[in-house]
Structures are given as structure tokens and as C-alpha cells.
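**Q**
Residue numbers (this note's numbering), protein chains in the order written: chain A, 856 to 1154; chain B, 10 to 354.
#1: Taking contact to mean 3 or more Cβ pairs, one atom from each stretch, closer than 8 Å, check whether the stretch 985 to 1005 of chain A and the stretch 1017 to 1036 of chain A are in contact.
#2: Considering only C-alpha positions, which residue in the set 142(B), 59(B), 63(B) is nearest to residue 78(B)?
#3: With a threshold of 8 Å on Cβ separation, who are the neighbours of residue 41(B) within its own chain once the five nearest residues in sequence on each side are excluded?
#4: Should residue 857(A) be flagged as near chain B, meaning a C-beta pair shorter than 8 Å?
#5: Output needed for residue 206(B): all residues of its chain with C-beta closer than 7 Å, excluding positions within five of it in sequence on either side, in chain order.
#6: Do the stretch 1061 to 1068 of chain A and the stretch 931 to 942 of chain A meet, that is, are 3 or more Cβ pairs less than 8 Å apart?
#7: Give me the residue from 259(B), 38(B), 277(B), 198(B) with the minimum Cα distance to residue 93(B).
#8: Tell me whether residue 864(A) is buried or exposed, calling it buried when 16 or more other Cβ atoms sit within 10 Å of its Cβ.
#9: Cutting at 6 Å between CB atoms, please list the residues of its own chain near residue 75(B), excluding the five before and the five after it.
#10: The beta strand (DSSP E) spanning residue 67(B) covers which residue range?
#11: Quick one: is residue 114(B) near chain A, going by C-beta distance under 8 Å?
#12: Could you confirm whether any beta carbon from chain A is found closer than 8 Å to the beta carbon of residue 127(B)?
#13: Cutting at 8 Å between CB atoms, please list the residues of its own chain near residue 914(A), excluding the five before and the five after it.
#14: Counting only Cβ pairs nearer than 8 Å, list the residues of chain A close to residue 108(B).
#15: Residues of chain A with CB closer than 7 Å to the CB of residue 86(B), please, in chain order.
#16: Taking only beta carbons into account, state which residues of the stretch 129 to 146 of chain B come closer than 7 Å to chain A, listed in chain order.
#17: Excluding the 5 residues flanking residue 866(A) on each side, which residues of the same chain have their C-beta closer than 8 Å to its C-beta?
#18: Residue 267(B): which of 27(B), 71(B), 54(B) sits nearest, CA to CA?
#19: Counting only the same chain and skipping the five closest in sequence on each side, list residues whose C-beta sits under 6 Å from that of residue 1089(A).
#20: So with CB distances below 8 Å, who are the chain A contacts of residue 124(B)?
#21: Indicate whether at least one CB of chain B lies closer than 8 Å to the CB of residue 861(A).
#22: Extract the residue ranges of the alpha helix (DSSP H) inside the stretch 76 to 161 of chain B, only unbroken runs of 4 or more that lie entirely within it.
#23: Going by Cα to Cα distance, which pick from 103(B), 160(B), 98(B) is closest to residue 90(B)?
#24: Per DSSP, residue 234(B) is paired with what?
#25: Let me check understanding here. Comparing Cα to Cα, which of 245(B), 351(B), 254(B) lies closest to residue 294(B)?
#26: Between 196(B), 201(B), 245(B), which lies nearest to residue 220(B) when the distance is taken from Cα to Cα?
#27: How long is the line joining the alpha carbons of residue 1046(A) and residue 1138(A), rounded to whole angstroms?
#28: From the DSSP secondary-structure annotation, give me the bridge partner or partners of residue 38(B).
#29: Check whether chain B comes within 8 Å of residue 900(A), counting only Cβ atoms and requiring the distance to be less than that.
#30: Is residue 944(A) close to chain B, meaning its C-beta is less than 8 Å from at least one C-beta of that chain?
#31: So residue 1036(A) is in the alpha helix (DSSP H); what residue range does that whole segment cover?
#32: Are residue 896(A) and residue 952(A) close, meaning C-beta to C-beta below 8 Å?
#33: For a test of the three-state rule: what should DSSP assign to residue 252(B), helix, strand or coil?
#34: Could you check the C-alpha separation between residue 954(A) and residue 193(B) for me, to the nearest Å?
#35: Am I right that residue 129(B) and residue 118(B) are in contact with their C-beta atoms under 8 Å? What's the rounded C-beta distance?
#36: Name, please, each residue of chain B whose Cβ falls closer than 7 Å to the Cβ of residue 1067(A).
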């Protein structure tokens, strides 16, 4: 509305790239639902201390393995029931969101930043540097991701920081390859050459001129990588190599609840469900981002 | 070192206007791998090109695809450095200067690219595209930079409100205007235009050409205008240089070249342009064959395989560019031996 009233003529002010992107993005209903769910989870994670009904570590010894509130024998005090040592599952899930999202964010940021730098250097300078970096990436890619992560954690010792580091390293080659490929397509375009003629140095060319034009696939990969990171972190947690008890992490919650699969379904189901939903939300949003950012898919 | 050329220059100004930019024996050879166990080949994209550009004048470089026009443009703007030769700008050889001076002088030579859709960074606003050269080189404040950018936008016929828009919001002609404005931001003396209008509509071509000519007069710019469109060249150029397979075959004033082409190749090239005036029309000359591969150029005159006047000498010896009458020169044995039927002297 403000746009048209400003110009008041028949000429419409062209959309900014972000407005254009947004109009494509909201056409994709799945992506929008994914985004809403992610915003919801982020809200829970940020305000976990106020939202969660109990402290995640607090053990209610009188209420061990209480079923969810609506089930038979449920207690209104514990909506999603309690686990084997009497901790409120809902509170642990909410606090776990904090940990899981933080881990996802850190892993993705570390591998994204490192991957962009390495990929830019490889694509920009070429030659020996390129070969060295890309062969290193190939070596990392040639090993199964989780196996490599387990090996690294086994060397560094099981902790949440070490498993984060390991996963960052595992995801690194994807970003390196993606960045390098984009750089190679951009570097010979005329606008890069004209910046060169204007006297731009290597750093300026890499980060200010070329990088913004390579970002679209990286954003998509990072979003999808987020869900992978959460999933693999949960797997490491499940194997006892990630978050150590009593930290409320979704993967390790699943792992400790293994023994109750037959007797108390809610202890396993809810952490599993929330992992599923979060990963699904990120994947939906990633797909939507890809569609909105890829000019070839636009009409 | 720095004083000598200056005095030389000033003594020359009294006689004739010195060229602002010149090249002597410019060569650009690219080694090409031809496969395992084979010796690498050498592509002679440019093979000994001499040229001069006078301040405020336009030198057009014409020739068919693959003759080295664009390589020449890349050398002039120092996107690539030549294998051999001299590149003089305001009396100094750019190739032997130290880095600082070279960087300083390089700002005075700018380039306009063929495709305005690829030459503007799609993620930057017009304002920051225009100001980029100033940010890199200049010591101007933000406000001064913006003032200059707005000033040039107006000069190339765009409006101040275009300052905050992205390149994809403009048409091809407008984009080329932006590219021209960017080229002018550093107050260049020489602008290398690599087929600046061939990607545009014919109606827009004229606008952009007229803009370039207006700017030339106003700012005393020298253009090196690379094109394969001869009607455009005739319109804008003062001097024309015809290239064939990395060599200059004919050089002269635009009028001479267009009314009395001497080299058989120039004639063939001109005959391919439609002309309204029947007096200057040349019967269509059909060249047989393709431009030979620069990887394996023919012996002697590179054109002999496609030239109807070629004789045995042309196949063996290589003609050099010879001064004919004052300003124009041509590299052809046929003219030396006076055996070309269309030249009546």
C-alpha cells in the first residue's frame, strides 16, 4: 500500500530483492508451516525458563513414570508424563530445544564460515591451493559421516562440545564444494572483472564482490544442514557420545528411555516426535528457500 | 626516469598531438595443452600489434570473431599482461612501472563490457556499483562519493532516484548507461569499449552511441572501440584498425578505410555491410572457408588461403604493416606489387 501511494502514478516501484523473495516464499505453504514451527520452537527455547512448568533436572520421586495427563493414571501436573527418575518430560523437551537448536546453530555456523572461507580461497586462487583444499574435502567426504564423527569424538572424548566439533568437521566439505562451485561460475563474469579493473584487491573481490552472489545455495544448504546437525547430534547423544546426563538433550533422552519402550511409551515417543517435527520443519523451510532463491524455478 | 618522457612529451605537443596511449609490438601467446605426450601448442591471440590512440579521439578495432579484438581490450585494461611488447600511457610504459604508479595510471583506463546484464553486480545497488572504484582508490568522503555518483547518473541520462535501485530493475540500455557511468567515475582518459552496443536493440544502440559521443566531447575521452558492426564504427570512429588472426592488416582514417579500402580482407569485410549509397557499394565478396585456427596459423600472409589475389609469395612471406600515405598503412604484398585490380592509381 505504501509503495503505490508513494508513486501515485501507474509506474509501480520495483520490488526489492527481499520483497520478491518473500512473495515467492509465502506461496509455498509447507515452507511457511515449517517456518512457523521453527519460530515456535525458537520461542520455547529462548523462554524455556518461563515456559517450562518444572526445572528439567528436578526429580519427583513420588511420580516416577507417570503417563501423560490425558491418559489413564495421568497427572495434570505433568502434561507429557515423567521419565524413569521422575523428571517432567515436557520441561526436559523445552529445555532440550535450547540445547539442540544451539548445537545445530553452532555446528552449522562453524562449518558454514570455515567452508565459505576455504571454498572462496580454493575457487579464487586455484592451482595448488585449490587441489590441496579439495583433496582434503574429498578425503572427509569419502568416510561415512556418522562413523567419522564417532571416530573424532572417540579421540577427543565424549562431550557436547567435542561432538559439535566433530560434526562441524563432518559437514565442512559440503560447504567447501558448494562455495567453490559457485565461485568458479561467478569469477569470470564481467562484474568481477570490472571490479578488478577498478583496482579491487583479492579480499574485496572474494568477500564483497563474489560472495553475496554465491549465498543462495549456501543458505539452502545451511538450513537443510541444520536438521542434519540436530539429527546426527541426537544420534551421537543416543550412542552416549554427545550430551552427558543429566543434560536434557533430545537424543540422549531417547537413549536413556530405551529400556521403557515396552512399558512406558511416552518416555520414548515425545523426544522422538519432537526431533521428527523439528527436522521436518527445517527441511520444509529449506525446500521453500531453495525454490524462492533459485531464479530458474521462478516464472 | 620520470622526467625524461615528460620533456619529450612537451616538445612533441608543439608539433603534433602526442598519442595518449600506444602499443608497440604487443603479443599475447597462450600455451595450450594438446594432450598427453604432445608438446603444448601456442595460441597467438595477438601477434605484434602496434596502435596509437589520440586524446579525445576514437580508435575502432574491427575484425571477425577470434581475431584478437577482445584480447587487445583485456591487455589495454591490464586484466591480462602481454607476453611481449610495450604499452605506453601518457608517455610511460605501463608494463615496466612499479606497482604503485601502475595502479595510479590504471585508473585512467576503464572498460565498458559488451553485456550489460553481466557487467553489473546483481546484488549491489546502483549507488554502490558506481562508488566502488572510489571506495577502492579514492580518499573521498561518503557524501562526496554520493555526489559524484549522482552527478554522473545525471550525465548519462538517468535520474537520482535510480541511485537506490538494483541492476535487475533496469532495461539493457539503462544498464549500459550505468556501466558507462561507472567507467567514468575515476575520470579516465581512455575508455576501452568492448562491443558496447552489440547486445542492445538497434533503437537503443543509437542512444547509447550518441551518449558516448557527447561524453567524449565533454570530457575529452579517448575511446578504443571494439566492434564487428561496421556501420556503428563508421558513425563513431576517427581511426580504424582492421585485425585478422592477431595481426593488424590495415590501419587508417575512418573515411579512407570506408571509401578506399585497400587490403582484400578489409574489402571483404566492408562488402558485408549493407549500404544505402550505391556509389560506395562493393559487390558482395564471399570469403570461402573459416578463420584459420590461431593454434596452427598458415604460413606467410595469414589471409592467403581465403584471398582471391594471393600468389606464391603470399604463401611464403609474411607481409608487414607498411606506411602507404601518411596516416594509413596496410599489410599486403598485392599493394606493394600493385596487382590488386580495384586499386586505380
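We treat Cβ as the ideally placed atom computed from N, Cα and C, and that holds for glycine.
**A** Judging by the given coordinates:
#1: yes
#2: Taking the second chain and counting its residues from 1, one reaches residue 78(B) at position 69. The shortest Cα separation from residue 78(B) among 142(B), 59(B), 63(B) belongs to 59(B).
#3: One-based indexing of the second chain puts residue 41(B) at position 32. Closer than 8 Å at Cβ, skipping near neighbours: 49, 50, 51, 52, 304.
#4: As a working note, residue 857(A) is residue 2 in the first chain. Residue confidence for residue 857(A) is low, a pLDDT of 44 falling below 50, so the modelled location carries little weight; the figure read from the coordinates is stated next. It does not: the Cβ of residue 857(A) has no partner Cβ on chain B nearer than 8 Å.
#5: As a first step, residue 206(B) is located in the second chain; it is residue number 197 there, counting from the start. These residues qualify, in order along the chain: 214, 217, 218, 241.
#6: no
#7: In the second chain, the residue the question calls residue 93(B) occupies position 84. It is 38(B) whose Cα lies nearest to the Cα of residue 93(B).
#8: Residue mapping note: residue 864(A) aligns to position 9 of the first chain, counting from 1. Low confidence applies to residue 864(A): its pLDDT is 43, below 50, so where it sits in the model is not reliable, and the reading given next is rough at best. Residue 864(A) is exposed by the Cβ-count criterion.
#9: The count along the second chain starts at 1 and reaches residue 75(B) at position 66. So the qualifying residues of the chain are 300.
#10: Within the second chain, residue 67(B) is the residue found at index 58, counting from 1. Here the beta strand (DSSP E) through residue 67(B) covers 67 to 71.
#11: Translated into the one-based positions of the second chain, residue 114(B) becomes position 105. Judged by the 8 Å Cβ criterion, residue 114(B) is not in contact with chain A.
#12: As a working note, residue 127(B) is residue 118 in the second chain. Cβ-Cβ to chain A under 8 Å: yes for residue 127(B).
#13: As a first step, residue 914(A) must be located in the first chain, where it is residue number 59. Answer for residue 914(A): 940, 941, 942, listed in chain order.
#14: Here residue 108(B) refers to the residue found at position 99 of the second chain. Those within 8 Å of residue 108(B) in chain A number zero; the least Cβ separation is about 11 Å.
#15: By one-based count along the second chain, residue 86(B) stands at place 77. Simply 1052.
#16: 129, 130, 131, 132, 141, 142, 145, 146
#17: The residue labelled residue 866(A) in the question sits at position 11 within the first chain. Here the model assigns residue 866(A) a pLDDT of 49, short of 50, so the residue's position is not dependable, and the following value carries that caveat. There are no such residues.
#18: On the second chain, position 258 is the one that residue 267(B) refers to. Out of 27(B), 71(B), 54(B), 71(B) has the C-alpha closest to the C-alpha of residue 267(B).
#19: Locating residue 1089(A) in the first chain gives position 234, where the first residue counts as 1. Here the set comprises 1105, 1106, 1130.
#20: Here residue 124(B) is taken as the residue at index 115 of the second chain, counted from 1. Here the neighbours are 1045.
#21: Counted from its first residue, the first chain places residue 861(A) at position 6. Because the pLDDT of residue 861(A) is 43, which lies under 50, any placement of that residue in the model is unreliable, and the number read from its coordinates should be weighed accordingly. No, its Cβ sits nowhere closer than 8 Å to a Cβ of chain B.
#22: 78 to 85, 108 to 115, 135 to 146
#23: Here residue 90(B) refers to the residue found at position 81 of the second chain. The shortest Cα separation from residue 90(B) among 103(B), 160(B), 98(B) belongs to 103(B).
#24: Numbered from 1 along the second chain, position 225 holds the residue referred to as residue 234(B). Answer by DSSP bridge pairing, in chain order: 69(B), 202(B).
#25: Here residue 294(B) corresponds to residue number 285 of the second chain, with the count starting at 1. Checked all of 245(B), 351(B), 254(B); the closest Cα to residue 294(B) is 351(B).
#26: For the purposes of this step, residue 220(B) is taken as residue 211 along the second chain, with counting starting at 1. Considering only alpha carbons, the answer is 245(B).
#27: Numbered from its first residue, the first chain carries residue 1046(A) at position 191. Numbered from its first residue, the first chain carries residue 1138(A) at position 283. Each residue's alpha carbon lies about 34 Å from the other.
#28: Reading the second chain from its first residue, position 29 is the one you call residue 38(B). According to DSSP, residue 38(B) bridges with 53(B).
#29: Your numbering for residue 900(A) matches position 45 in the first chain. Judged by the 8 Å Cβ criterion, residue 900(A) is not in contact with chain B.
#30: Numbered from 1 along the first chain, position 89 holds the residue referred to as residue 944(A). It does not; no Cβ of chain B falls within 8 Å.
#31: Position 181 of the first chain, counting from 1, holds the residue named residue 1036(A). Looking at the DSSP string, the run of the alpha helix (DSSP H) that includes residue 1036(A) is 1015 to 1041.
#32: Here residue 896(A) is taken as the residue at index 41 of the first chain, counted from 1. Here residue 952(A) is taken as the residue at index 97 of the first chain, counted from 1. It is a contact, given that the beta carbons lie within the stated cut-off.
#33: For the purposes of this step, residue 252(B) is taken as the residue at position 243 of the second chain. Correct three-state label for residue 252(B): strand.
#34: Position 99 of the first chain, counting from 1, holds the residue named residue 954(A). Position 184 of the second chain, counting from 1, holds the residue named residue 193(B). Roughly 54 Å separates the two Cα atoms.
#35: As a working mapping, residue 129(B) is identified with position 120 in the second chain. As a working mapping, residue 118(B) is identified with position 109 in the second chain. 20 Å between Cβ atoms; not a contact.
#36: The residue you call residue 1067(A) lines up with position 212 of the first chain. What residue 1067(A) touches in chain B: 132.
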